[in-house]
Structures are given as C-alpha cells and as structure tokens.
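Student: Residue numbers (my numbering): 20 to 225.
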Ligand SMILES: O=C(O)CCC(=O)C(=O)O
C-alpha cells in the first residue's frame with residue numbers, strides 16, 4: 020500500500036511509497052505515477068529493441084568467480100557504462116528513445132542521458148538485489164518505466180531490512196530519488212507469469 024499521494028502537476032497524482040531523509044540528509048523518495056505510459060505497446064518496443072544495433076544481449080555475470088548468464092535480456096543507450104563485469108559502449112539514443120526519454124523527463128522533472136532496457140521473457144526472468152550506485156550515476160533521480168506483465172518491485176531498507184512491495188503494471192512510471200544511499204531493490208521471479216515484461220531504467224551518468 021502506498022503511504023500517501025501527491026500532485027506533481029494538476030491532474031498528475033502520484034502514489035508515494037517512501038518519503039524520508041537519507042543518511043546524508045537528502046530528501047529520499049520512491050513514488051509511482053500509474054498508467055502514465057499505458058498507450059505504449061510492449062510488443063512494438065520489444066521488437067524495436069530486437070532490431071536496434073546488436074539488439075538484446077544476455078550478459079555473463081561473475082558470482083564468486085563463476086560465470087552465469089543474467090536471468091534477463093538487456094540493451095543500453097547512452098554514454099559508455101560499466102557495472103559488475105558488464106561493459107556497454109556508448110550508443111546514441113535513437114529518435115524513438117529520445118522521444119520516450121523526453122516524456123519521462125517531463126513527469127520526473129529531471130534530465131537523463133542513459134537508459135538501460137531490461138527484457139523479462141517470462142516470470143522465470145528476474146533481477147537480484149542491487150543498488151544502482153555506481154559512482155558515475157547521479158542518484159538524485161532514477162526513473163523506471165514498466166510495460167507488459169505485472170511484476171513485483173521490492174525495495175529493502177538496508178538499516179532495518181524492511182521490504183516494501185510495489186506491483187508494477189503496464190505503463191507505470193516509478194521514480195527513485197536519493198534512494199540508493201539506504202535502499203536496495205529487486206524484481207524476483209514470478210513463475211506463474213507466462214508473458215514478457217520490459218523495463219526502461221533512465222539514469223543520468225555524470
Ligand atoms: O525491472 C525493474 O523494474 C527494475 C530494473 C532495475 O532495477 C535496474 O535496471 O537497475
């Protein structure tokens with residue numbers, strides 16, 4: 020359940036899940052604008068990513084010295100970027116991606132220069148607990164757009180282990196502001212889900 024709501028602009032009410040002061044004294048929030056992008060089609064965007072450049076990648080990740088395939092597909096647009104053992108070269112945003120970014124920026128009131136696209140083929144695909152706190156990411160705002168199947172987005176407070184579950188549906192926009200300092204997040208498997216989900220995570224690399 021959301022803790023409250025606020026109005027970004029008239030007619031644009033959002034659900035607030037976390038609203039606090041971060042350990043470094045910054046305003047830290049996690050909020051969701053429901054159905055902001057429900058006009059988009061997951062099929063068309065999946066196809067668009069498949070056709071762009073090298074298309075989807077399934078990266079190897081190293082855990083305790085062992086290589087595993089990430090349990091999802093990914094693609095990147097933006098400056099050269101690296102996390103864990105994954106390296107993305109610079110890739111200029113396509114016209115469609117620029118247009119999508121501009122729509123997200125208008126709602127989140129922030130400017131992003133990169134987008135990581137995650138493709139969850141079905142409920143077996145997932146994303147483990149992590150922070151998105153690489154030094155080059157500006158954690159003042161990270162925006163996450165969901166298309167397709169409903170999946171649970173979990174946010175965990177590292178100080179008290181409290182977990183907030185947020186059901187993200189087709190077209191929802193979730194925004195994390197200064198949340199990385201004290202919170203991790205994940206998208207667990209949901210084995211009964213048989214349909215794909217796409218997630219676009221907009222970041223500002225500095
Ligand atoms: O799929 C999601 O909703 C989360 C994506 C995410 O956490 C990330 O790209 O860092």
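Ideal Cβ placement from N, Cα and C applies to all residues, glycine included.
Let me know if residue 135 comes out buried or exposed under the rule of 16 or more other beta-carbons within 10 Å of its beta-carbon.
Tutor: buried
Student: So, with DSSP's three-state summary, where would you put residue 146?
Tutor: In the three-state scheme derived from DSSP, where H, G and I count as helix and E and B as strand, residue 146 is classed as strand.
Student: Let me check you understand the geometry: is the CB of residue 104 closer than 8 Å to at least one non-hydrogen atom of ligand 1?
Tutor: no
Student: Starting from residue 68 and walking both ways along the alpha helix (DSSP H), at which residues does that stretch end?
Tutor: 61-70
Student: Can you tell me which residues form a DSSP beta bridge with residue 179?
Tutor: BP columns for residue 179 are empty, so no partner.
Student: Contact between the segment 167-182 and the segment 116-123 is defined here as three or more beta-carbon pairs at a separation below 8 Å; is this criterion met?
Tutor: no
Student: I believe residue 68 touches residue 138 by the beta-carbon criterion, under 8 Å. Please report the beta-carbon distance rounded to the nearest angstrom.
Tutor: Rounded to the nearest angstrom, the Cβ distance from residue 68 to residue 138 is 7 Å, consistent with a contact under 8 Å.
Student: Using 8 Å as the Cβ pair cut-off and three pairs as the minimum, do the segment 185-192 and the segment 138-153 touch?
Tutor: no
Student: By the three-class DSSP mapping on this structure, what secondary structure does residue 115 have?
Tutor: helix
Student: Mind checking whether the beta-carbon of residue 192 lies closer than 8 Å to any heavy atom of ligand 1?
Tutor: Checking the 8 Å criterion, the Cβ of residue 192 is out of range of every heavy atom belonging to ligand 1.
Student: Once you ignore the five residues that flank residue 95 on each side, which residues in its own chain have a CB closer than 8 Å to its CB?
Tutor: 107, 110, 133, 134, 135 and 136
Student: Answer yes or no: the CB of residue 170 versus the heavy atoms of ligand 1, is any distance below 8 Å?
Tutor: yes
Student: Can you grab the Cα-Cα spacing for the pair residue 155 / residue 219, in whole Å?
Tutor: Rounded to whole angstroms, residue 155 to residue 219 spans 18 Å at the Cα level.
Student: Following a CB-centred definition, is residue 218 positioned closer than 8 Å to any heavy atom of ligand 1?
Tutor: Because some heavy atom of ligand 1 lies under 8 Å away, the Cβ of residue 218 counts as near it: yes.
Student: On the CB-based measure, 16 or more other CB atoms within 10 Å of its CB, does residue 222 come out buried or exposed?
Tutor: Buried: at least 16 other Cβ atoms inside 10 Å.
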